[in-house]
Every structure is written in structure tokens, then in C-alpha cells.
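*Asks:* Sequence positions in the sequence shown follow our numbering and run 5 to 278. Starting off with a structure, shown below.
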Amino acid sequence: MHEARCGLSNFNRRDKFKVVLVLEGTNELHYANRSYLVDRPALVFTNRLIPYAWEVPAGFHEQQGYLCCFSESFLHSSMRGVSLKDLVLYKVDGNPVYFLNNEQVRYFTDAFTRMRRDLESDYAHKEDLLRNQLSIIIHEAARLEPATPQHAAANAAERITALFQNLLEVQFPITAQLREPVLKSASDYADRMAVHVNHLNAMVKEVTGKSTSTHINERLVMEAQLLLAHTDWGVGEIAYSLGFEYPTYFNNFFKKHTSLTPLTFRRARVPATQ
């Protein structure tokens with residue numbers, strides 16, 4: 005969290021949640037399938053599950069301000085069990101931009117200045133101070149009037165498809181047993197994206213030539229192959245970690261898509277030690 009330029013990169017599956025205090029400059033924020041012209045002081049919230057990009061219009065300079073990156077787990081204890089996904093600031097269909105008047109600019113600048121001071125201090129409990137200050141910023145922002153998008157992105161189908169693909173990728177890799185994907189079906193993804201499942205399927209099919217379910221199944225097969233080849237987990241453990249209720253369901257799914265059983269695939273990829 006530091007004073008910095010606000011020219012943020014495109015979506016990265018390992019990115020954190022971000023809060024940006026824009027103080028000066030002009031950029032256009034492309035967020036999911038909407039665009040916002042941020043040409044005055046504003047608070048901007050970006051969700052690690054949503055593809056976004058900052059674009060500097062011709063003739064303008066990149067913005068100046070403060071940037072704070074954090075994980076949901078970092079903030080969890082100070083928000084008293086409130087999940088970020090339940091806050092309008094981080095909903096896929098929410099508005100990420102909040103324009104500020106002069107009084108609000110002073111308030112949030114003071115807040116970010118205190119956070120930077122605490123971060124650079126040697127105080128043993130500075131993380132608690134940072135957590136509390138960040139929680140206050142989020143709650144204060146929730147009381148603001150959100151900005152209205154300038155326009156829907158012209159390439160809405162591409163952006164919706166990119167959002168789906170990024171949400172799919174963020175479910176993986178599976179790094180711990182019994183840690184199953186949160187989103188499993190096309191309907192799950194559509195609900196998270198606040199679109200009708202038929203609309204999602206139509207957009208994904210238009211851009212990629214494949215259905216939403218085909219993409220999900222292909223990614224599950226890829227992850228199953230990686231787990232079979234590079235872990236010593238049992239087939240049942242892999243099945244549960246991928247969200248299958250019973251190992252037999254996983255066996256049937258894997259064989260349908262690869263023509264091999266999971267054990268046959270594993271033996272072919274990982275020969276027994278002589």
C-alpha cells in the first residue's frame with residue numbers, strides 16, 4: 005500500500021483486492037462489461053475475480069494517488085464475518101467507482117496517509133491498525149453514491165467471456181485435499197456474474213465456439229490429470245477435491261473425456277518404480 009501511479013495491469017488470477025484513491029489525472033476504467041471515465045478524485049475498488057484494465061486516453065497523463073492491495077483473509081477479522089462478496093463494493097454487478105467532493109478527498113487522503121505511516125512503523129500490532137483503517141474506508145465508501153458507467157463496453161461478448169474464463173481459472177489449482185472449486189456449473193458462474201445462464205452460454209459460444217459447460221469440463225479434466233500425475237493423492241481424494249460427490253462419478257467423468265480410467269492414466273504417466 006503506497007503512493008503510486010494508478011496505471012493498473014490487466015486482471016491477474018493471483019492479484020489481490022484493491023482500493024485506489026485517485027487524486028488527479030484522467031484514465032478510463034474498463035471493468036467487466038462496463039467502462040468508467042475517471043477524470044476527477046475518486047475511490048475505485050477492483051475485485052480479483054473481475055477482469056479490468058486502465059486505459060489512458062490520448063493527450064492525458066496517468067493518475068496519481070494511493071493504492072492498497074489486500075486479501076479477503078487479511079480483512080476478515082475486522083469485518084466480523086462479512087464476506088467481501090456480500091459487499092456492493094465487490095459485487096460483479098456493483099459499481100467500482102465513487103467520485104469524491106473536497107471534504108471526502110481530505111478524509112480519505114488522511115486515512116491512506118495514516119495507513120502508510122502505520123505500515124512503515126515498527127509497532128508490533130500495526131496489522132491490526134491497518135485492518136481497522138481499511139475496514140473503515142470500505143464502510144465509509146458504502147455510504148457514497150456510486151458513479152454511473154459512461155457506456156457499456158462495445159465488445160461486451162468478449163468481456164463477459166473473459167470474465168467467465170478468469171472466474172474459471174481462479175478456482176484452480178487445487179492445492180489442498182478437500183478444497184473443492186466454489187463454482188461448479190454454468191449456473192454457478194452466471195449467478196456470480198449476475199447474468200442469465202442462457203446469456204452467458206450464448207456469449208461464450210459466440211466468442212470461443214464452445215459451450216460454458218465444455219470449458220468447465222475441459223478445465224476439470226486438465227486439473228484431474230495434473231493431480232494424478234504430480235501428487236500421491238488417492239483417486240477418491242482427487243474426486244472430492246474436484247467437487248465430485250462420489251469417486252465413481254469422477255471415474256465415469258474422467259473416462260468419458262479421456263477414454264482412460266484415472267488409475268490407467270496415472271500408471272501410464274507415473275510408471276511404478278523398478
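Even glycine gets a Cβ: it sits at the ideal position worked out from N, Cα and C.
Please confirm whether Leu-71 and Val-101 have their CB atoms less than 8 Å apart.
*Replies:* Mapped onto the sequence shown, residue 71 falls at position 67. Mapped onto the sequence shown, residue 101 falls at position 97. It is not a contact, given that the beta carbons lie outside the stated cut-off.
*Asks:* With DSSP collapsed to three states, give me the class of Lys-22.
*Replies:* In the sequence shown, counting from the first residue as 1, residue 22 sits at position 18. In the structure shown, Lys-22 sits in a strand (DSSP, three-state: E or B).
*Asks:* Determine contact between the stretch 65 to 80 and the stretch 126 to 146, defined as no fewer than three beta-carbon pairs at a distance below 8 Å.
*Replies:* As far as the Cβ criterion goes, the stretch 65 to 80 touches the stretch 126 to 146, which means the pair count is three or higher.
*Asks:* Check the C-beta distance from Ala-151 over to Asn-99 and give it rounded, since I have them as a contact under 8 Å.
*Replies:* Residue 151 sits at position 147 when you count from the first residue of the sequence shown. Residue 99 sits at position 95 when you count from the first residue of the sequence shown. Yes, Ala-151 and Asn-99 are in contact; Cβ-Cβ is about 6 Å, under 8 Å.
*Asks:* Any chance you could list the alpha helix (DSSP H) runs of at least 4 consecutive residues sitting entirely within the stretch 127 to 204, in chain order?
*Replies:* Qualifying alpha helix (DSSP H) stretches, in chain order: 130 to 145, 160 to 174, 190 to 197.
*Asks:* If you measure between the beta carbons of Asn-31 and Gln-67, is that distance less than 8 Å?
*Replies:* One-based indexing of the sequence shown puts residue 31 at position 27. One-based indexing of the sequence shown puts residue 67 at position 63. Going by C-beta atoms, Asn-31 is nearer than 8 Å to Gln-67.
*Asks:* Pull up the distance between the alpha-carbon of Thr-165 and that of Val-211, whole angstroms please.
*Replies:* On the sequence shown, position 161 is the one that residue 165 refers to. On the sequence shown, position 207 is the one that residue 211 refers to. Rounded to whole angstroms, Thr-165 to Val-211 spans 7 Å at the Cα level.
*Asks:* Taking Cβ positions, are Leu-267 and Val-239 nearer each other than 8 Å?
*Replies:* The residue given as residue 267 occupies position 263 in the sequence shown. The residue given as residue 239 occupies position 235 in the sequence shown. A contact, by the Cβ cut-off of 8 Å.
*Asks:* Just to confirm the assignment, what range does the beta strand (DSSP E) spanning His-34 have?
*Replies:* On the sequence shown, residue 34 is found 30 positions in, with the first residue counted as 1. Unbroken beta strand (DSSP E) run through His-34: 31 to 35.
*Asks:* Is there contact here, the stretch 203 to 221 with the stretch 165 to 177, by at least three beta-carbon pairs under 8 Å?
*Replies:* The stretch 203 to 221 vs the stretch 165 to 177: in contact.
*Asks:* Between Phe-269 and Ala-243, what straight-line distance do the alpha-carbon atoms span, to the nearest angstrom?
*Replies:* Within the sequence shown, the letter at position 265 stands for residue 269. Within the sequence shown, the letter at position 239 stands for residue 243. Whole-angstrom Cα-Cα distance: 14 Å.
*Asks:* Less than 8 Å between the beta carbons of Ala-190 and Leu-204, yes or no?
*Replies:* Here residue 190 refers to the residue found at position 186 when the sequence shown is read from its first residue. Here residue 204 refers to the residue found at position 200 when the sequence shown is read from its first residue. It is a contact, given that the beta carbons lie within the stated cut-off.
*Asks:* What's the gap between the Cα of Glu-241 and the Cα of Arg-196?
*Replies:* Taking the sequence shown and counting its residues from 1, one reaches residue 241 at position 237. Taking the sequence shown and counting its residues from 1, one reaches residue 196 at position 192. Approximately 27 Å, taken between the alpha carbons.
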